[in-house]
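Okay, so here's the structure we're looking at.
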Ligand code: SF4
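Chains as they are written, first to last, in full-length UniProt numbering: chain A, 1 to 470; chain B, 1 to 193.
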């Protein structure tokens, strides 16, 4: 048998009908994640056609995008931003009841951002195909799953048939060598990679992140990396499952248990790309040369080392980005005044992310005039963080500690910045208006975001981290 | 979906590269539970001024863009989110085709599934169309050509199945449902393994 990549192994195992020149492959989906924003029209379609949900047992729903992150008021009313948001959530609740889907809704102690809870529950497993009407489904690739975002029409396809029509994508290997310097993390690495290959550098490819640096990352860091694959245009990013993966998954509620666990692990071990497997394209990075990295423009490819001088715009879009972001070519992002700091999103809202932010904030205060929101990715993260007292660190520093949800990552639920405000955000998109009309977003790691909150200007976290170490 | 074989229109141009789905339809409008009526929100934050009036600087607000159903946009149009609200909004706004040297994956899939012709053309021709707004084009889906006013033709390639579906108004879910037996067999086999 010819040597195959991780992606090829997962793809091959899910082909129900192979592709031909005339038709795409029919690809089987192991896990379909559902949330309130991209599913209502798909459920309506099913209803109109008189179709049923093929595999309720492979479908898992949660509420995250339109949900308030403030707790229910004393009057028992949930503070939805508007009637439409409330109606959308209620629509998902009704759809899940009607079609028999397990919903981690308001009453679940596992509710959270869809890409945080899938792994937490152990629903996300190596070798699976996972889809969701959400482009950051790529997150689940951290476990060696083939996971990608789909549109609402395709959500309907999966609900009805558990399958998708897909053309086989190409493969791009991203090799990373070298040790990440202290205070520099997975977020800096992925921003650096996207800044280098560009926002369309991965279009048409499934990325496989590999090499010693990737192998040394924790699962949470791997999720941060895979999460942002879509920001390079790739629908999916994958990392070979290994002992770190298995240890992380073991014992989670939906992971295989007992003897099944050993069988599963043996299968998962065989998933890694074979020696000599070939990719359509390969690129190499040296992690030891990367420093804290942030975005300066209006897409994630406009990323730069914190202290590097920013390039002169060379085209209309870059000029527009400079005018929108008010950055000065020739200067660096370090020292730019900050209005809001957001720690959260499926990129960086897990326990280690919160620990990282807390390690900078402990014993310090958020600068006057800066608003800081910390939004855990899930109820489980919230519980764990509170058990460790992280919430107290944030509250003592003057930050807001919220209820889990997407919050300011997408600003659909009323958590947003005002026109012109500068937000240092641990989320994944710095598009114009993403965090509120006219809001200016700078993407950063949790450490950089926290350091910027303390300094009141975009700041290098290493200063604060060394002080802690000393 | 109704079959689409041919589209004739003048072009409107948005030269910006990487026009993302948040610019096509801002997230705060995604609380809708239907597909209809999103045209008025298309390019919302670019198209309107803060008082709600039309922004004269938005290219599609200019008189020469009115009635154009072919959009020529800068490279990597539709990047960002998987929201199908983006093609729904464009179609409802009156855009029936997007021509670009590179179109983001998920957006392109979503667009074609809704009958929005998301067509990738060669860089040189893309450049020319960006530089010459308002030209009358005829897109022939069957022949996979775009006829220019001077009589010359630009060739393009659509993925074969997407093209077949456009030309014949094929219902893709219906097509998938024809595989029900094979899907059942796959599930049985998987269970046995
Ligand atoms: S946190 Fe942001 S990127 Fe992640 S699922 Fe929510 S809205 Fe999408």
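Note that beta-carbon positions come from the ideal geometry of N, C-alpha and C, so glycine has one too.
Given the structure is predicted, the values throughout are model-derived calculations rather than measurements.
Practice prompt. Taking only the alpha-carbon atoms, compute the straight-line gap between residue 416 (chain A) and residue 60 (chain B) and give it to the nearest angstrom.
Written response: Residue 416 (chain A) and residue 60 (chain B) have their C-alpha atoms roughly 28 Å apart.
Item to complete: Please list the segments of the beta strand (DSSP E) lying wholly inside the stretch 12–48 of chain B, counting only runs of 3 or more residues, in order along the chain.
Response: Listed in chain order, nothing qualifies, since the stretch 12–48 of chain B has no complete beta strand (DSSP E) run of 3 or more residues.
Item to complete: Tell me whether residue 472 (chain A) sits in a helix, a strand or coil according to DSSP, three-state version.
Response: Since the displayed chain A opens at 1 and closes at 470, residue 472 (chain A) lies outside it and no answer follows.
Discussion item. Which of the three DSSP states is assigned to residue 279 (chain A) in this structure?
Written reply: If DSSP states are grouped into helix, strand and coil, residue 279 (chain A) belongs with coil.
Discussion item. Quick check: residue 247 (chain A) and residue 202 (chain A), are their CB atoms within less than 8 Å of each other?
Written reply: No. Outside cutoff.
Worksheet entry | beta-carbon residue 155 (chain A) near ligand 1 non-hydrogen atom, thresh 7 Å | At a threshold of 7 Å, residue 155 (chain A) does not count as near ligand 1, since its beta carbon sits no closer than that to any of the ligand's heavy atoms.
Practice prompt. With hydrogens ignored, establish whether the beta-carbon of residue 283 (chain A) is closer than 7 Å to any heavy atom of ligand 1.
Written response: The beta carbon of residue 283 (chain A) sits no closer than 7 Å to any heavy atom of ligand 1.
Worksheet item: Can you tell me the Cα-Cα spacing of residue 378 (chain A) and residue 148 (chain A), whole angstroms?
Response: One C-alpha to the other measures close to 21 Å.
Worksheet entry | Per-residue DSSP class, three states only, for residue 342 (chain A) | Reduced to three states, the DSSP call for residue 342 (chain A) is strand.
Worksheet item: Would you call the CB atoms of residue 3 (chain A) and residue 240 (chain A) closer than 8 Å?
Response: No, they are not a contact pair.
Worksheet item: Under 8 Å Cβ-Cβ, which residues of chain B neighbour residue 9 (chain A)?
Response: Under the 8 Å cutoff, chain B gives no residues; its nearest Cβ is about 14 Å from residue 9 (chain A).
Worksheet item: Is the closest heavy atom of ligand 1 to the C-beta of residue 345 (chain A) under 7 Å?
Response: Residue 345 (chain A): yes, Cβ under 7 Å from ligand 1.
Worksheet item: Does the Cβ-Cβ distance between residue 53 (chain A) and residue 100 (chain A) come in under 8 Å?
Response: It is a contact, given that the beta carbons lie within the stated cut-off.
Worksheet item: Mind checking whether residue 405 (chain A) and residue 375 (chain A) have CB atoms under 8 Å apart?
Response: Against a cut-off of 8 Å, the Cβ pair of residue 375 (chain A) and residue 405 (chain A) comes out as a contact.
Practice prompt. Over the uninterrupted beta strand (DSSP E) stretch that includes residue 472 (chain A), give me the two end residues.
Written response: Here chain A covers residues 1 to 470 and nothing more, so residue 472 (chain A) does not appear.
Discussion item. For residue 163 (chain A), report the span of its beta strand (DSSP E) as first-last.
Written reply: Unbroken beta strand (DSSP E) run through residue 163 (chain A): 163–166.
Discussion item. Quick check on DSSP: helix, strand or coil for residue 410 (chain A)?
Written reply: Looking at residue 410 (chain A) - three-state DSSP - the assignment turns out to be coil, as it is neither helix nor strand.
Worksheet item: Say the cut is 7 Å; is the CB of residue 114 (chain A) nearer than that to a heavy atom of ligand 1?
Response: Taking the Cβ of residue 114 (chain A) as the reference point, at least one heavy atom of ligand 1 falls within a distance shorter than 7 Å.
Practice prompt. Consider the C-beta atom of residue 428 (chain A) and the heavy atoms of ligand 1; say whether any pair is separated by less than 7 Å.
Written response: Yes; taking the cut-off as 7 Å, the Cβ of residue 428 (chain A) has a heavy atom of ligand 1 nearer than that.
Discussion item. Could you tell me the alpha carbon to alpha carbon distance between residue 270 (chain A) and residue 15 (chain A), rounded to whole angstroms?
Written reply: Going by the C-alpha atoms only, they are around 18 Å apart.
Discussion item. On the DSSP letters alone, give me the boundaries of the alpha helix (DSSP H) that residue 192 (chain A) sits inside.
Written reply: In the DSSP annotation of this structure, the continuous segment of the alpha helix (DSSP H) that includes residue 192 (chain A) starts and ends at 186–197.
Worksheet entry | Supposed close pair residue 130 (chain A), residue 62 (chain A) - CB separation, criterion 8 Å | With 8 Å as the limit, residue 130 (chain A) and residue 62 (chain A) do not qualify as a contact, their Cβ atoms being about 14 Å apart.
Practice prompt. Please specify which runs of the alpha helix (DSSP H), each continuous and at least 4 residues long, are wholly inside the stretch 103–162 of chain B, giving them in chain order.
Written response: Listed in chain order, they are 105–113, 123–131.
Practice prompt. Determine which residues of the stretch 146–176 of chain A have a Cβ less than 7 Å from any Cβ of chain B, and write them out in chain order.
Written response: Residues of the stretch 146–176 of chain A with a Cβ closer than 7 Å to any Cβ of chain B, in chain order: 149, 150, 151, 152, 153, 156, 157, 160, 161, 162, 163, 165, 167.
Worksheet entry | Boundaries (first-last residue) of the beta strand (DSSP E) holding residue 148 (chain A) | 146–149 is the extent of the beta strand (DSSP E) around residue 148 (chain A).
Worksheet item: Any idea if residue 68 (chain A) is buried or exposed, counting beta-carbon neighbours within 10 angstroms, 16 or more meaning buried?
Response: Residue 68 (chain A) sits buried, since 16 or more C-beta atoms from the chains shown fall within 10 Å of its C-beta.
Discussion item. Measuring straight from C-alpha to C-alpha, what distance separates residue 18 (chain B) and residue 74 (chain B)?
Written reply: Roughly 7 Å separates the two Cα atoms.
Practice prompt. Would you kindly report the start and end of the unbroken beta strand (DSSP E) that includes residue 59 (chain A)?
Written response: Unbroken beta strand (DSSP E) run through residue 59 (chain A): 59–62.
Item to complete: Using 7 Å as the cut-off, classify the Cβ of residue 410 (chain A) as near or not near the heavy atoms of ligand 1, replying yes or no.
Response: Because some heavy atom of ligand 1 lies under 7 Å away, the Cβ of residue 410 (chain A) counts as near it: yes.
Worksheet item: Is there a Cβ from chain B that is less than 8 Å from the Cβ of residue 470 (chain A)?
Response: Low per-residue confidence applies at residue 470 (chain A): pLDDT is 45, beneath 50, and the placement is therefore not dependable, though the value from the model is reported in the following sentence. Chain B, which has no Cβ nearer than 8 Å to the Cβ of residue 470 (chain A), makes this no.
Worksheet item: Mind pulling the chain B residues with CB within less than 9 Å of residue 64 (chain A)?
Response: Within chain B, no C-beta atom comes less than 9 Å from the C-beta of residue 64 (chain A); the nearest is roughly 13 Å away.
Discussion item. Suppose you measure from the CA of residue 294 (chain A) to the CA of residue 319 (chain A); what does that come to, to the nearest Å?
Written reply: So the alpha carbons of these two residues sit roughly 18 Å apart.
Worksheet entry | Close Cβ partners of residue 209 (chain A) (< 8 Å) along its chain, the five nearest in sequence each way excluded | Excluding the 5 residues flanking it on each side, residue 209 (chain A) has same chain C-beta neighbours closer than 8 Å at 174, 176, 222, 225, 226, 237, 238, 239, in chain order.
Discussion item. In whole angstroms, give me the CA-to-CA distance for residue 1 (chain A) and residue 85 (chain B).
Written reply: Going from the Cα of residue 1 (chain A) to the Cα of residue 85 (chain B) covers about 44 Å.
Discussion item. Three Cβ pairs or more, each shorter than 8 Å: is that satisfied between the stretch 376–395 of chain A and the stretch 72–92 of chain A?
Written reply: Three or more Cβ pairs closer than 8 Å define a contact, and the stretch 376–395 of chain A falls short of that threshold against the stretch 72–92 of chain A.
Discussion item. Which of the three DSSP states is assigned to residue 472 (chain A) in this structure?
Written reply: For chain A, the structure presents residues 1 to 470; residue 472 (chain A) sits outside this window and is missing.
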